[in-house]
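The listed protein sequences correspond, in order, to chains A and B. Take the first sequence: its letters are residues 1 to 104, numbered as in my numbering. Take the second sequence: its letters are residues 1 to 208, numbered as in my numbering. Note that CB positions come from ideal geometry on N, CA and C, so glycine has one too.
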Amino acid sequence: MEGHQRNLYLYDRFNARVAGVSRDGIETLRHWADQLGLTFPLLANPTGYLGILFGAQHEGFPIFARRTVVIDKWGTVRYSREGSPDYREILLLLEKLHEEETKR
Amino acid sequence: MMRFLPLLLPLFFLAACLPQGPPTDPLAALRSEKGTVIWENEYEFAPPPPPWQLLSLDETDYSIAFFRGCRDEDPGFYPCESTFAYAEEPFGYSRDLKQRQEEFFRRFLWAARVDFEEPRLEAIRLRGDNALQAETVGRERVLGHKVLVRALFAHRGERVVAFYFTQWRPEDRSFDHGQLENFQAFVDSFTYLRPSFYQQLRERNPKR
Numbered sequence: 001m002e003g004h005q006r007n008l009y010l011y012d013r014f015n016a017r018v019a020g021v022s023r024d025g026i027e028t029l030r031h032w033a034d035q036l037g038l039t040f041p042l043l044a045n046p047t048g049y050l051g052i053l054f055g056a057q058h059e060g061f062p063i064f065a066r067r068t069v070v071i072d073k074w075g076t077v078r079y080s081r082e083g084s085p086d087y088r089e090i091l092l093l094l095e096k097l098h099e100e101e102t103k104r
Numbered sequence: 001m002m003r004f005l006p007l008l009l010p011l012f013f014l015a016a017c018l019p020q021g022p023p024t025d026p027l028a029a030l031r032s033e034k035g036t037v038i039w040e041n042e043y044e045f046a047p048p049p050p051p052w053q054l055l056s057l058d059e060t061d062y063s064i065a066f067f068r069g070c071r072d073e074d075p076g077f078y079p080c081e082s083t084f085a086y087a088e089e090p091f092g093y094s095r096d097l098k099q100r101q102e103e104f105f106r107r108f109l110w111a112a113r114v115d116f117e118e119p120r121l122e123a124i125r126l127r128g129d130n131a132l133q134a135e136t137v138g139r140e141r142v143l144g145h146k147v148l149v150r151a152l153f154a155h156r157g158e159r160v161v162a163f164y165f166t167q168w169r170p171e172d173r174s175f176d177h178g179q180l181e182n183f184q185a186f187v188d189s190f191t192y193l194r195p196s197f198y199q200q201l202r203e204r205n206p207k208r
């Protein structure tokens with residue numbers, strides 16, 4: 001999450017926005033955001049439907065596995081990867097998506 | 001099978017007696033003719049002398065680190081170890097050096113439960129650019145350990161990078177400040193051979 005905060009100015013250049021999703025409640029996320037200094041939205045999703053939708057919740061586990069999903073402005077999922085975010089890979093994809101967007 | 005046992009056992013013991021040979025240099029393949037190390041065709045630096053040794057890091061960390069313990073000196077106390085590193089992505093997120101330093105110490109050695117003193121800050125020059133040096137001591141009061149930290153924050157393009165040094169000692173022992181010379185020599189020798197990933201990204205997208 002700190003890495004995304006570090007890259008916010010780059011996401012901005014590529015007309016991209018970032019949001020975190022967690023099964024934790026609002027108060028927990030507010031405290032966490034304060035501690036880490038996060039300024040982008042964190043979505044509390046206690047029922048877990050977003051995680052299930054994007055494949056971040058494995059069957060039999062009550063929490064989300066780390067997953068990065070990139071959705072383009074037309075609503076198509078263009079990238080989905082489990083594990084720690086590969087920030088360089090994400091930035092290269094956003095650069096490409098922004099080029100596509102400006103050509104359309 | 002039992003009749004082969006007398007033959008096999010002596011071979012086993014002889015193998016254990018083979019000479020060990022000199023320790024291999026993990027940086028050997030990366031050394032230039034000048035004796036410096038070329039790292040991933042991006043960084044060049046003079047590695048510290050033994051007993052400093054390269055520390056393996058996560059491949060995605062984009063960092064270089066060295067470690068030395070005190071086994072050879074047999075000091076009879078614990079902890080007695082030092083590390084220093086170059087971090088392409090140090091803790092924190094601000095691009096202002098002073099602010100980044102504050103963010104860095106909020107996360108640095110967090111798992112070691114260290115309380116840091118207020119860092120002494122000094123504006124310095126690093127390869128001709130403005131940089132910030134922060135030096136502090138952290139204390140782990142339950143175990144009675146302390147750690148000396150010197151961290152240098154500098155810009156690489158738009159991003160902030162850092163060099164940092166740590167030295168762990170028991171609370172009642174003094175620090176060995178002489179090891180900071182090895183750290184400083186590493187910092188002074190450190191150069192970039194090509195633009196960073198972020199600098200290249202910026203060059204490709206100049207108007208954004």
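Measuring only between beta-carbons, confirm whether Leu-201 (chain B) sits less than 9 Å from chain A. yes
Just the chain B side, please: which residues come within less than 9 Å of Gly-37 (chain A) by C-beta, in chain order? Residues of chain B passing the Cβ test: Gly-92, Tyr-93, Ser-94, Glu-103 and Arg-106.
Out of curiosity, what's the CA-to-CA distance linking His-98 (chain A) and Gln-5 (chain A)? 20 Å
Leu-14 (chain B) (DSSP reduced to helix, strand or coil): Confidence at Leu-14 (chain B) is low in this model, with a pLDDT of 42, below 50, so the placement of that residue should be treated as unreliable; the coordinate-derived value is given next. In the structure shown, Leu-14 (chain B) sits in a helix (DSSP, three-state: H, G or I).
Find out if the Cβ-Cβ distance for the pair Tyr-86 (chain B), Ala-65 (chain B) is shorter than 9 Å. yes
Under three-state DSSP, which class holds Ser-80 (chain A)? strand
Could you spell out where the beta strand (DSSP E) holding Phe-105 (chain B) opens and where it closes? It is not in any beta strand (DSSP E) - Phe-105 (chain B) instead sits in the alpha helix (DSSP H) that spans 97-107.
Compute the Euclidean distance between the alpha carbons of Gly-157 (chain B) and Leu-91 (chain A), then round it to the nearest angstrom. 17 Å
Could you check whether Ala-131 (chain B) and Glu-125 (chain B) sit closer than 9 Å to each other, using their CB atoms as the reference points? Reading off the sequence shown, one finds Arg at residue 125 (chain B), where the question assumed Glu. Inclusion of Arg-125 (chain B) and Ala-131 (chain B) in the CB contact set at 9 Å is warranted, their separation being smaller than that value.
Can you give the Cα-Cα distance for Thr-191 (chain B) and Leu-94 (chain A), rounded to whole angstroms? 30 Å
Identify every residue that forms a DSSP beta bridge with Arg-31 (chain B). B:Val-37
Status (buried if at least 16 other CB within 10 Å, exposed otherwise) for Thr-102 (chain A): exposed
Put Tyr-9 (chain A) into one of helix, strand or coil per three-state DSSP. Tyr-9 (chain A) falls in the helix class under three-state DSSP.
Measure the alpha-carbon distance for Glu-171 (chain B) versus Asp-115 (chain B) and round it to whole angstroms. 13 Å
Closer than 9 Å, Cβ to Cβ, to anything on chain A: give me those residues from the segment 170-198 of chain B, in chain order. Phe-197 and Tyr-198
Mind pulling the chain B residues with CB within less than 7 Å of Leu-93 (chain A)? Under the 7 Å cutoff, chain B gives no residues; its nearest Cβ is about 12 Å from Leu-93 (chain A).
From which residue to which residue does the alpha helix (DSSP H) around Ile-71 (chain A) run? Segment 67-71 is the beta strand (DSSP E) holding Ile-71 (chain A); no alpha helix (DSSP H) there.
Can you pull the chain B neighbours of Arg-67 (chain A), defined as C-beta to C-beta under 7 Å? The premise fails here: Arg-67 (chain A) is roughly 16 Å from chain B at the closest Cβ pair, so nothing lies under 7 Å.
Pairing CB atoms from the segment 180-189 of chain B with CB atoms from the segment 64-78 of chain A, are three or more of them under 8 Å? Not touching, per the Cβ criterion.
To which residues of the same chain is Leu-36 (chain A) closer than 8 Å at the C-beta, ignoring the five residues directly before and after it? Met-1, Glu-2 and Gln-5
Is the segment 188-208 of chain B close to the segment 92-109 of chain B, with three or more CB pairs under 8 Å? Judged by Cβ distances under 8 Å, the segment 188-208 of chain B makes no contact with the segment 92-109 of chain B, as fewer than three pairs qualify.
Residues of chain A with CB under 9 Å from Asn-130 (chain B), in chain order? In chain order: nothing, as chain A lies at least about 20 Å away.
Under the rule that 16 or more other beta-carbon atoms within 10 Å means buried, what is Lys-146 (chain B), buried or exposed? buried
If you draw a straight line from the alpha carbon of Phe-108 (chain B) to that of Phe-163 (chain B), how long is it in whole angstroms? 13 Å
Proximity below 9 Å, CB of Ala-151 (chain B) to CB of Pro-119 (chain B): Taking 9 Å as the Cβ cut-off, Ala-151 (chain B) and Pro-119 (chain B) qualify as a contacting pair.
One or two residues paired with Val-18 (chain A) in a DSSP bridge: Answer is none; Val-18 (chain A) lacks a bridge partner.
What is the rounded straight-line gap between the Cα of Arg-141 (chain B) and the Cα of Arg-173 (chain B)? Cα to Cα, Arg-141 (chain B) sits roughly 14 Å from Arg-173 (chain B).
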